[in-house]
Every structure is written in C-alpha cells, then in structure tokens.
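Each number in my numbering comes from the position in the sequence shown (counting from 1) with 9 added on. Even glycine gets a Cβ: it sits at the ideal position worked out from N, Cα and C. Inspection log for the structure reproduced underneath, given as structure tokens.
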Amino acid sequence: MKKPLERITVNPKICHGQPCIKGTRIMVWQILDLLAAGVTPSEIISEDYFPDLTLEDVYACIAYASQVVKNEEIHLLEALEVPA
Numbered sequence: 010m011k012k013p014l015e016r017i018t019v020n021p022k023i024c025h026g027q028p029c030i031k032g033t034r035i036m037v038w039q040i041l042d043l044l045a046a047g048v049t050p051s052e053i054i055s056e057d058y059f060p061d062l063t064l065e066d067v068y069a070c071i072a073y074a075s076q077v078v079k080n081e082e083i084h085l086l087e088a089l090e091v092p093a
C-alpha cells in the first residue's frame, strides 16, 4: 500500500503546477472544497463526483493539506474580519 502523500503529484506541466491526485487532473483543492462543503468522502468517489477516485485518494488530499498547513506560518489579518 502506498503512503498517502505518494498519491499526490506536482508537475508544472499539469494543471499549472497545482497539486493533483497522481494519474489524474483532479486537483487537491477540488477535493478539499467538496469536503468543506459537506460532501462526504464516499460521495466524492461516487458517480456524482469522481468515480475513478478511491477513498485513499481523498484521504491523501487531506494528508497533503495537513502537511502544507503544518509547515506554513499563517497570519490572520484583522482587516479580513467582517464588521458586525
């Protein structure tokens, strides 16, 4: 079984260098956006979304995002807060 991050690839010639699921042109952010919208991993791999993916692909996207956030300094700007 592959390690989750081995399922993710970055190639400047594919999808403008965006991280993709290996062997596809499905970008990691597309999967993350679906998850953020409340779509379950099982729904993502269904006929309605990406039937060629596996649950392992979805979990690899989550693992990739976790690594990116873990290794990045994030500074929230007060200017981005919406006034009440």
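CA-to-CA distance, Val48 to Glu65, given in whole angstroms = 16 Å
Enumerate in chain order the residues of its own chain whose CB-to-CB distance from Leu41 is below 7 Å, with the five nearest sequence positions on each side excluded.
-> Cys70, Ala74
Find the nearest neighbour of Ala45 within the set Glu81, Lys31, Val67, judged by alpha-carbon distance.
-> Val67
In terms of alpha-carbon separation, which member of Gln76, Cys29, Glu81, Pro50 lies closest to Arg16?
-> The shortest C-alpha separation from Arg16 is found at Cys29.
Whole angstroms is fine: what's the gap from Cys24's alpha carbon to Gly32's?
-> If you take the alpha carbons of Cys24 and Gly32, they lie about 12 Å apart.
DSSP state of Ile17, grouped into three classes?
-> strand
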